[in-house]
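Notes to accompany the following structure.
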Amino acid sequence: MSSQSASPAIKRKLRIALAGNPNSGKTTLFNALTGAHHKVGNYPGVTVEKREGVRTRGDKQYHFIDLPGIYSLTAYSIDEVVARDFILDEKPDLIVDVLDSTNLERNLYLCLQFQELGIPVIGALNMSDEADAKGLRIDGKNLSATLGIPMIKTVGPRGAGTEDLLDCIDRTVAGQVSGRVISYRDEIEPKLEALQKLIAADAGFAAKYPDRWLAVKLLEKDANAYRRLEEHPGAAAIKASAKDAIMWIEKHFGRDAEIVISEQRYGYIRGAVQESLQIMKVPDFSFTEAVDRIIMNRFLSLPVFVLVLWAVFQITFFAGQYPAVWLENFFGLVSSALLAAMPAGMLRSLIVDGVIGGVGGVFSFVPLIVILFFLLSILEDVGYMSRAAFATDKLLHSFGLHGQSIFPMMLGFGCSVPAVMASRTLKSPRDRIITVLITPLMSCGAKLPVHILLAAVFFPECAVNAVMAIYAAGVILALVSAFILKKTILRGDPTPFVMELPPYRAPTLRGVLWHVWEKTYQYIKKAGTVILASSILIWAITTFPSYEAPVEERASLAAAFMAEHPGAETAEAEAWAETAASRTALEQSFAGRLGKFIEPVFRPLGFDWKIAVASVTGFAAKEVVVSTLGILYRVGAEEDAESAGLREALRADAHMTPLVALSLMLFTLIIPPCFAALAAIRAELGGKWLTFEIGFLLVLGWAVCFIVYQLGSLAGF
Ligand code: GDP
Ligand code: MG
5 MSSQSASPAI
15 KRKLRIALAG
25 NPNSGKTTLF
35 NALTGAHHKV
45 GNYPGVTVEK
55 REGVRTRGDK
65 QYHFIDLPGI
75 YSLTAYSIDE
85 VVARDFILDE
95 KPDLIVDVLD
105 STNLERNLYL
115 CLQFQELGIP
125 VIGALNMSDE
135 ADAKGLRIDG
145 KNLSATLGIP
155 MIKTVGPRGA
165 GTEDLLDCID
175 RTVAGQVSGR
185 VISYRDEIEP
195 KLEALQKLIA
205 ADAGFAAKYP
215 DRWLAVKLLE
225 KDANAYRRLE
235 EHPGAAAIKA
245 SAKDAIMWIE
255 KHFGRDAEIV
265 ISEQRYGYIR
275 GAVQESLQIM
285 KVPDFSFTEA
295 VDRIIMNRFL
305 SLPVFVLVLW
315 AVFQITFFAG
325 QYPAVWLENF
335 FGLVSSALLA
345 AMPAGMLRSL
355 IVDGVIGGVG
365 GVFSFVPLIV
375 ILFFLLSILE
385 DVGYMSRAAF
395 ATDKLLHSFG
405 LHGQSIFPMM
415 LGFGCSVPAV
425 MASRTLKSPR
435 DRIITVLITP
445 LMSCGAKLPV
455 HILLAAVFFP
465 ECAVNAVMAI
475 YAAGVILALV
485 SAFILKKTIL
495 RGDPTPFVME
505 LPPYRAPTLR
515 GVLWHVWEKT
525 YQYIKKAGTV
535 ILASSILIWA
545 ITTFPSYEAP
555 VEERASLAAA
565 FMAEHPGAET
575 AEAEAWAETA
585 ASRTALEQSF
595 AGRLGKFIEP
605 VFRPLGFDWK
615 IAVASVTGFA
625 AKEVVVSTLG
635 ILYRVGAEED
645 AESAGLREAL
655 RADAHMTPLV
665 ALSLMLFTLI
675 IPPCFAALAA
685 IRAELGGKWL
695 TFEIGFLLVL
705 GWAVCFIVYQ
715 LGSLAGF
């Protein structure tokens, strides 16, 4: 029936916020309710923006809003502000507070604040499967009755309880809200009520915020509540009254007013939970604790972290190499077939040299990218990210970074765009700026093809180690940059680190596969758009203006070859002359002229004009370095060499030495990231920091490559 329910049948649209503590399963439940596929991960801070999704059932439309996690309505970091402001300013029709049933007391703390807001609240007792396994028997009915908040048991990944939840939403909206709120101690209530009256008397203001909630917040000295108060004419009187009340409470209890209030809340919650929670005896063994005893051991945690990362990349390279070779051979076959089937000319050159030479090279790396994202995704879902943050906290601190900076940094191995956004969970603006600025130094998936190609050709004995060394170089440069930034323009102390470790959870296959598919699709789409377009452009500037060596020139070249190689065949000499002529043609092309023009800047880094052109094109997207090399080394190569592939061509180039290759890898690693990542940085920090970042990375990239190449040359490599 719902399939044919067109819009006129829909009587009512409901806006329902999914809110709750970080990592309580909000996004999982959101996906189950709306059929969306947003990223979930087993660590706090995965959702940093609010997202909307719709569920239609019968004649009702439910607009769900998935919010970032918060512990209280006092927000510190940007993602928390998003959640708080949405609830306070946009006033959803209803809040579904997603509660982690294994940690009820802490989770209910936020729930009671929602209740005070006067917006109808429903508690989703999520993770009820984990609670069962831990022997926690929760009497939902009793808890609902005690708190006056409807409670529904759910299990997010299985979608269990979602229909009950929708039924409960219908009932609640139909108007059976208890209207109950927590009552504070007899000494506090009169103060609250007086304050409430004052607030309610200010007509404009009372319409905006519930008086009860605001009165409590003022007693808690909530800075944001005071700021909201400022906008109103009656602010001074309300503030004075609040100040009196706070002074009285602090004198009477001998403690800060905010502590008195939160003690009251916890006391109330403890009472309610005690009546509704039965703790069964279960065998005293926790998988999470047992594993953590080894993995999170004080001495082992950091080595384990390094080992985990090392394993991720080893598996990626090992498992990825076979399909990569198959794909490479496949594209080789396709271009040979096209060479045989099509008449020589511009079109054939465009397709074989430009499109296949460029895009094909990048496509060969799809399997590697898939594997890398698969493994990173599993790490996220299992719950290792928070452990990584703990393991590296001390190390990061000594570089002036925050333990939480490890999330953006590790996500940066995949793609800088989500990584840069993940920095929003950092509370101190300074830490956040530094983290955003250094994240692009983490070698992303798009840089991987460049590293692998060059390492395989120039460091064949130790290709994997060479790539790992580049990754390590990125991490070290990021740490050193953070240190320098912290000591110069972004001075300040790192904020203390508080985070909880989520239990290990089996990743949901569906979630991981969806995430990997999404990333792979983006990579393929990039190959089909940005990389295809730049391949065609690069093919064009390497082919035009077309240059045909005059017959006399070829003859004289061939003659010179014969003179140098007495006894050579004439055919051999002619072929050699052909190659030499096409090399001249390439140098005469726009790309050649451009390359020669910029070459002086890149000479000190060991780059000749071809490599200079390739490295510059990496600004569009890092994979383009590979496609550009593919085209530059194909256009102008003699026919026979074409099937031998880019690797052979690179190896045959006398100018490309292992040292130059190393320099090019480092350059690709360090210089500013692709346009998409730059746009993300701009969105997070603004244009001024973006300009700084571009300048900083350009100077750093040039300087590092200069030092490496010059020292390497001196040492005789
Ligand atoms: P959010 O931060 O609140 O959005 O939480 P997520 O939706 O990202 O989920 C956090 C982790 O908890 C993920 O690993 C989920 O697979 C897992 N999870 C969510 N709901 C449940 C549940 O009901 N039971 C269990 N066992 N795991 C859950
Ligand atoms: Mg989430």
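Take 5 as the starting number for the sequence shown in the working numbering and just add one per residue.
Glycine included, every Cβ here is placed at the ideal spot set by N, Cα and C.
Here the structure is a predicted model, which is why all the values come from computation and not from measurement.
Length of the line joining the Cα atoms of residue i and residue j
i, j, result
"Trp518", "His41", "7 Å"
"Ser132", "Lys201", "41 Å"
"Ile438", "Glu576", "59 Å"
"Glu120", "Lys145", "21 Å"
"Ser619", "Leu704", "15 Å"
"Leu383", "Ala393", "13 Å"
"Ile602", "Lys614", "10 Å"
"Asn107", "Val220", "25 Å"
"Ala261", "Ala276", "23 Å"
"Glu642", "Met472", "No answer about Glu642 holds up, because its pLDDT of 49 lies below 50 and its placement is not dependable."
"Glu646", "Arg638", "Legend: pLDDT at Glu646 = 45, less than 50; position of this residue unreliable, value from coordinates given subsequently. Each residue's Cα considered, the two are about 6 Å apart."
"Leu694", "Ala128", "42 Å"
"Phe710", "Ala87", "47 Å"
"Phe487", "Ala239", "44 Å"
"Ser28", "Leu151", "20 Å"
"Phe335", "Ser447", "27 Å"
"Gly716", "Phe606", "16 Å"
"Asn35", "Gly349", "53 Å"
"Ala563", "Ala315", "57 Å"
"Ala579", "Ser586", "11 Å"
"Leu400", "Val366", "34 Å"
C-beta atoms of residue i and residue j nearer than 8 Å
i, j, result
"Ile69", "Ile20", "yes"
"Tyr47", "Phe291", "no"
"Val52", "Arg428", "yes"
"Ile173", "Leu98", "yes"
"Ile242", "Ile203", "yes"
"Ser76", "Gln117", "yes"
"Ser409", "Leu430", "yes"
"Pro154", "Ile126", "yes"
"Val386", "Pro307", "no"
"Ala681", "Val520", "no"
"Ile273", "Glu109", "yes"
"Ile528", "Val629", "no"
"Gly39", "Lys30", "no"
"Thr1", "Ile540", "For residue 1 there is no data in the structure shown, the boundaries of the chain being 5 and 721."
"Pro72", "Glu56", "no"
Counted within 10 angstroms of its Cβ, other Cβ atoms place residue i as buried (16 or more) or exposed
i, result
"Asp728", "Lying outside 5 to 721, the shown extent of the chain, residue 728 is not represented and no answer is given."
"Asn469", "exposed"
"Val310", "exposed"
"Ile685", "buried"
"Leu702", "exposed"
"Pro554", "exposed"
"Tyr753", "Outside the displayed range of the chain (5 to 721) lies residue 753, so it cannot be described from this structure."
"Asp357", "buried"
"Lys523", "buried"
Three-state secondary structure assigned by DSSP to residue i
i, result
"Leu103", "strand"
"Val185", "coil"
"Asn130", "strand"
"Asp260", "coil"
"Lys64", "strand"
"Ala544", "helix"
"Asp70", "strand"
"Lys17", "strand"
"Val159", "strand"
"Leu590", "helix"
"Val125", "strand"
"Ala79", "coil"
"Glu191", "coil"
"Glu557", "helix"
"Glu56", "strand"
"Arg141", "strand"
"Gly407", "helix"
Any non-hydrogen atom of the ligand ATP within 7 Å of residue i CB
i, result
"Asp385", "Among the ligands present in this structure, namely the ligand GDP and the ligand MG, the ligand ATP is not found."
Interface flag, residue i vs chain C, CB-CB below 8 Å
i, result
"Leu108", "Here chain C cannot be found, since the structure has a single protein chain."
Inset, instruction - Under 7 Å from any heavy atom of the ligand MG, by CB: list those residues in chain order, please. - result: Lys30, Thr31, Val44, Val50, Thr51, Asp70, Pro72 and Gly73
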